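All remarks here apply to the structure that follows.
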Amino acid sequence: MAEARTQAFKRALIAYGPLLAALILEIAVFELLGRRQDNPGFASIPNLIRVLGQSAEFGVMAVGMTFVIITGGIDLSIGSLMACGGVVCAMLVKRSGGDAVALYIVAGWAAALVLGALSGSISGLLITRFDIPPFIATLALMSSLRGVGNLITDGKPISPLPDAYQWLGRQQIVPHIPVSVAVFLIVLAGGMLLLNHTQFGRHVRAIGGNEESARLSGVNIARVKWRVYILCSMLTIIAGLILSSRLGAGSPKVGMGDELGVIAAVVVGGTSLSGGRGSIGGTFVGLLVVSMLNSGLTWIGVETFGQQVTLGLVILAAVLLDKLKSW
Amino acid sequence: MANSEFILEMLQITKRFPGVLALDKANLALRPGEVHCLLGENGAGKSTMMKILAGAQPMDSGEIFIDGEPVVITSPHHAQQLGISMIYQEFNLSPYLSVAENIFLGREPRIGRSPFIDWKRMYRDSEEILKRIRVDLDVRRPVNELSVAQQQMVEIAKALSVQAKIIVMDEPSATLTDHELVALFDLIRTLRASGIGLIYISHRLEEVFEIGDQVTVMRDGQHVATKPASSMTRESIIRMMVGRELTEEYPKEFFKLGEERLRVEGLSREGAFKDVSFSLRTGEIVALTGLVGAGRTEVARAIFGADRKTAGQVYLDGKPAEIRSPQDAIKNGLGLLTEDRKNQGLVLGMTVRENTTLSNLSALVKGLFINRKFERSVAEKYVHELQIKTPSIEQVVQNLSGGNQQKVVLAKWLFTQSRVLIFDEPTRGIDVGAKAEIFKLMNALVSRGVAILMISSELPEVLGMCDRVLVMHEGRLAGQLMRNEASQEKIMHLATGMSSAA
Ligand SMILES: Nc1ncnc2c1ncn2[C@@H]1O[C@H](COP(=O)(O)OP(=O)(O)OP(=O)(O)O)[C@@H](O)[C@H]1O
Ligand SMILES: [Mg+2]
Numbered sequence: 010m011a012e013a014r015t016q017a018f019k020r021a022l023i024a025y026g027p028l029l030a031a032l033i034l035e036i037a038v039f040e041l042l043g044r045r046q047d048n049p050g051f052a053s054i055p056n057l058i059r060v061l062g063q064s065a066e067f068g069v070m071a072v073g074m075t076f077v078i079i080t081g082g083i084d085l086s087i088g089s090l091m092a093c094g095g096v097v098c099a100m101l102v103k104r105s106g107g108d109a110v111a112l113y114i115v116a117g118w119a120a121a122l123v124l125g126a127l128s129g130s131i132s133g134l135l136i137t138r139f140d141i142p143p144f145i146a147t148l149a150l151m152s153s154l155r156g157v158g159n160l161i162t163d164g165k166p167i168s169p170l171p172d173a174y175q176w177l178g179r180q181q182i183v184p185h186i187p188v189s190v191a192v193f194l195i196v197l198a199g200g201m202l203l204l205n206h207t208q209f210g211r212h213v214r215a216i217g218g219n220e221e222s223a224r225l226s227g228v229n230i231a232r233v234k235w236r237v238y239i240l241c242s243m244l245t246i247i248a249g250l251i252l253s254s255r256l257g258a259g260s261p262k263v264g265m266g267d268e269l270g271v272i273a274a275v276v277v278g279g280t281s282l283s284g285g286r287g288s289i290g291g292t293f294v295g296l297l298v299v300s301m302l303n304s305g306l307t308w309i310g311v312e313t314f315g316q317q318v319t320l321g322l323v324i325l326a327a328v329l330l331d332k333l334k335s336w
Numbered sequence: 372m373a374n375s376e377f378i379l380e381m382l383q384i385t386k387r388f389p390g391v392l393a394l395d396k397a398n399l400a401l402r403p404g405e406v407h408c409l410l411g412e413n414g415a416g417k418s419t420m421m422k423i424l425a426g427a428q429p430m431d432s433g434e435i436f437i438d439g440e441p442v443v444i445t446s447p448h449h450a451q452q453l454g455i456s457m458i459y460q461e462f463n464l465s466p467y468l469s470v471a472e473n474i475f476l477g478r479e480p481r482i483g484r485s486p487f488i489d490w491k492r493m494y495r496d497s498e499e500i501l502k503r504i505r506v507d508l509d510v511r512r513p514v515n516e517l518s519v520a521q522q523q524m525v526e527i528a529k530a531l532s533v534q535a536k537i538i539v540m541d542e543p544s545a546t547l548t549d550h551e552l553v554a555l556f557d558l559i560r561t562l563r564a565s566g567i568g569l570i571y572i573s574h575r576l577e578e579v580f581e582i583g584d585q586v587t588v589m590r591d592g593q594h595v596a597t598k599p600a601s602s603m604t605r606e607s608i609i610r611m612m613v614g615r616e617l618t619e620e621y622p623k624e625f626f627k628l629g630e631e632r633l634r635v636e637g638l639s640r641e642g643a644f645k646d647v648s649f650s651l652r653t654g655e656i657v658a659l660t661g662l663v664g665a666g667r668t669e670v671a672r673a674i675f676g677a678d679r680k681t682a683g684q685v686y687l688d689g690k691p692a693e694i695r696s697p698q699d700a701i702k703n704g705l706g707l708l709t710e711d712r713k714n715q716g717l718v719l720g721m722t723v724r725e726n727t728t729l730s731n732l733s734a735l736v737k738g739l740f741i742n743r744k745f746e747r748s749v750a751e752k753y754v755h756e757l758q759i760k761t762p763s764i765e766q767v768v769q770n771l772s773g774g775n776q777q778k779v780v781l782a783k784w785l786f787t788q789s790r791v792l793i794f795d796e797p798t799r800g801i802d803v804g805a806k807a808e809i810f811k812l813m814n815a816l817v818s819r820g821v822a823i824l825m826i827s828s829e830l831p832e833v834l835g836m837c838d839r840v841l842v843m844h845e846g847r848l849a850g851q852l853m854r855n856e857a858s859q860e861k862i863m864h865l866a867t868g869m870s871s872a873a
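Note that the protein sequences, when read in sequence, are chains A and B. The first sequence maps to residues 10 to 336 in my numbering. The second sequence maps to residues 372 to 873 in my numbering.
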């Protein structure tokens, strides 16, 4: 038993070692380059938590996306869906007119989650029943949902909203730890359990590894995929709610291009785009590598354009690293 | 300087994988114009040895001489240039390309010096090669539309299309029918006469005596012996392979016949088979045999819900069963072990443990989660029972030898606790010792009340293990033979459509 454990540890080290090393290197470099007299450094706990807080939305979506990608699929609709979720909730809360705000907020969340379930069902339906490739199905949805968001708001953000609206995105439950980070960590833990310890998770990996074998082994392919897209959409909505709460508004313009950022984090984390192989832990570390990089570059004064170039290089480096490993 | 009586010498070849010493100073020497049979149990290291020769895998240490000259083989391409051609145990065809495109993949004939493919020549040359091995195939058809046996022939054609002086065949006969086998052997004799050296791997020992000149036996990655085939007997080979005496190859046991488990009435699937009716009782093993393409696999798939049936009804335990998907089938206690393990049987990237439990995960779920400890014990149990050669249950099945992969598929279906099991070529690629173990396992299943339908092209095992033989011919049941009246001749008679009904 102890041997099995050390073996598992060794495997994990091989799997995450290089990425973790990259992460630590990043933090060290930014700490050194960004030394300032008065402020706490980049590597200080409050700053690291701040970065984690900024990546909560991305992280929640990345967990869902990991499931989708492991089945061999992709979901391009998340950026648009995320905006729609925030907008729907904000519209409802705006109607409260200051009375029973909490009730309206909860109702807003519920409405947004229903929207997410609906959107995920549509992707699932298109992909499993009509056999449309996930790329196409969710690309169509991405465009349509963006349109819906703009139509119902006339393209303008929904604001101002009551202060209570910012609970999810800004409230700190324990000093320094906002609700959003707690939600992210819960989603992360839940995702790990779901992928590694349930029948559903095993089926997800089997489908990505060899769909025909899985089918002939009695796995209900359509149902599993359907659930995967619903899961991803629901998590996307949660991300959308966090973002809109943090901004204090429901904007139809947010999240543009976020699907690619999320996919990048998942892939950097070692999940294979051809399906079957991947982990939530990897996605977490991948996400940290990407967001530490962005935040660190800002920290040392590199602006957006430079960040884009660097991110591209990091994605390439991570994928090359992965190739070397499987050699 | 090595002795150049040999066209090829491999000396002291060692290869280690994590947790496995696959080759341990193994030797092999091949003369021109010789068919050299390479034998050994599953996981003995045969394929690994050949992959090293073909440049598909590097060796850790050892020496290779070709025509007495030392060589360092760096890649499959390099091996080809050295005149080594390899037919892999697991096919390597590109599914959406045509037969001709696959045969000439990477060496497409071109119009003069232009970049354009000379399609006419490619088709003509492909047809010629196929004619040489007496295979009738449309060279324009995509490979994924072909049967396993046909794909095998394309592999062989591909190997022949390069000018090779050493040809390696890793279990080429596993998927061929007798008819195709005759053609293959003719071809091998022709190649031998032209001075080519052939290395031939097979688990069908009778083939050794038919075409083998020399025999090399391997065990646990080591060279055991090399002798002329004529100086050996089936028994002596088995002893060398297994390291002990094998008491019985077909340990048939008889049980009292019980009630009917499965009945199929008027089952049809357009374009595949028509009006198939039979039944299966507890206590018996029934064979479904016939030539490849007779529709055996298709019947099994339709019963199992993997393909739609166009007419007919399946009854389980006397009651009509609605089976629309493999899932329904499994729920109803029906299992199908498919013939194509790589594409339909296994998730190659998953571990032995995960593959073993895939069909029956719900049995391991406690509350919300899979009980890992229980799952591990299940996997350990089958690895032990089937003697699956693997460093641990956490090994990815991709890394197992062919025969051991097949055993994992078997384990998966054993774990489903099905009451009716359909085995489609269950012993393909499995060594003689392990075959006997699998047959014993079938006995144990039958004694527990499981009814078994075994699809097999191997007549000796059909005759050795089955109580009843159903023979198909061109999509129809041509007849049925009881154990005491069955013989190879009678089965072939029915299978080739020379007589109807028994
Ligand atoms: N890529 C790999 N990674 C790890 N282990 C491997 C790999 N390839 C082969 N092995 C191991 O090396 C050993 C020899 O395998 P090999 O495929 O050569 O056996 P074989 O004699 O061809 O068996 P079979 O008759 O079943 O085809 C086996 O124990 C196998 O599990
Ligand atoms: Mg082999």
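Idealized CB from N, CA, C, for every residue including glycine. These figures come from a predicted structure and were not determined experimentally.
Beta-carbon separation (whole angstroms), residue i vs residue j, contact threshold 8 Å
{"i": "residue 215 (chain A)", "j": "residue 223 (chain A)", "result": "4 Å"}
{"i": "residue 766 (chain B)", "j": "residue 722 (chain B)", "result": "6 Å"}
{"i": "residue 651 (chain B)", "j": "residue 708 (chain B)", "result": "Contact flag wrong, Cβ pair sits at about 15 Å."}
{"i": "residue 250 (chain A)", "j": "residue 71 (chain A)", "result": "With a Cβ gap of about 16 Å, residue 250 (chain A) and residue 71 (chain A) do not count as contacting."}
{"i": "residue 455 (chain B)", "j": "residue 424 (chain B)", "result": "6 Å"}
{"i": "residue 796 (chain B)", "j": "residue 828 (chain B)", "result": "7 Å"}
{"i": "residue 778 (chain B)", "j": "residue 757 (chain B)", "result": "5 Å"}
{"i": "residue 85 (chain A)", "j": "residue 220 (chain A)", "result": "Not really, about 21 Å apart at Cβ, beyond 8 Å."}
Residue i: contacting residues in chain A (beta-carbon distance under 7 Å)
{"i": "residue 368 (chain B)", "result": "No answer is possible for residue 368 (chain B): it lies beyond the span of chain B, which begins at 372 and ends at 873."}
{"i": "residue 822 (chain B)", "result": "Those within 7 Å of residue 822 (chain B) in chain A number zero; the least Cβ separation is about 19 Å."}
{"i": "residue 725 (chain B)", "result": "211"}
{"i": "residue 701 (chain B)", "result": "227"}
C-alpha gap between residue i and residue j, whole angstroms
{"i": "residue 109 (chain A)", "j": "residue 115 (chain A)", "result": "10 Å"}
{"i": "residue 23 (chain A)", "j": "residue 136 (chain A)", "result": "35 Å"}
{"i": "residue 434 (chain B)", "j": "residue 328 (chain A)", "result": "36 Å"}
{"i": "residue 252 (chain A)", "j": "residue 325 (chain A)", "result": "28 Å"}
{"i": "residue 257 (chain A)", "j": "residue 753 (chain B)", "result": "58 Å"}
{"i": "residue 318 (chain A)", "j": "residue 37 (chain A)", "result": "21 Å"}
{"i": "residue 809 (chain B)", "j": "residue 578 (chain B)", "result": "22 Å"}
{"i": "residue 61 (chain A)", "j": "residue 244 (chain A)", "result": "17 Å"}
{"i": "residue 149 (chain A)", "j": "residue 209 (chain A)", "result": "27 Å"}
{"i": "residue 170 (chain A)", "j": "residue 57 (chain A)", "result": "29 Å"}
{"i": "residue 119 (chain A)", "j": "residue 248 (chain A)", "result": "14 Å"}
{"i": "residue 764 (chain B)", "j": "residue 161 (chain A)", "result": "55 Å"}
{"i": "residue 127 (chain A)", "j": "residue 69 (chain A)", "result": "19 Å"}
Buried or exposed by the 16-neighbour rule on C-beta atoms within 10 Å, applied to residue i
{"i": "residue 675 (chain B)", "result": "buried"}
{"i": "residue 467 (chain B)", "result": "exposed"}
{"i": "residue 165 (chain A)", "result": "exposed"}
{"i": "residue 444 (chain B)", "result": "buried"}
{"i": "residue 139 (chain A)", "result": "exposed"}
{"i": "residue 630 (chain B)", "result": "exposed"}
{"i": "residue 390 (chain B)", "result": "exposed"}
{"i": "residue 452 (chain B)", "result": "exposed"}
{"i": "residue 183 (chain A)", "result": "exposed"}
{"i": "residue 234 (chain A)", "result": "buried"}
{"i": "residue 79 (chain A)", "result": "buried"}
{"i": "residue 487 (chain B)", "result": "exposed"}
{"i": "residue 254 (chain A)", "result": "buried"}
Residue i: contacting residues in chain B (beta-carbon distance under 7 Å)
{"i": "residue 305 (chain A)", "result": "Under the 7 Å cutoff, chain B gives no residues; its nearest Cβ is about 35 Å from residue 305 (chain A)."}
{"i": "residue 221 (chain A)", "result": "714, 715"}
Per-residue contacts from residue i into chain B (C-beta, under 9 Å)
{"i": "residue 287 (chain A)", "result": "By Cβ distance, chain B contributes nothing, its closest Cβ being about 11 Å from residue 287 (chain A), past 9 Å."}
8 Å Cβ cut-off: residues of chain B touching residue i
{"i": "residue 159 (chain A)", "result": "The contacting residues do not exist; residue 159 (chain A) stays about 40 Å from chain B at best."}
{"i": "residue 215 (chain A)", "result": "718, 721, 725, 729"}
Beta-carbon neighbours of residue i, restricted to chain A and to distances below 8 Å
{"i": "residue 709 (chain B)", "result": "225"}
Beta-carbon neighbours of residue i, restricted to chain A and to distances below 9 Å
{"i": "residue 427 (chain B)", "result": "Chain A residues near residue 427 (chain B): none, gap ~14 Å exceeds 9 Å."}
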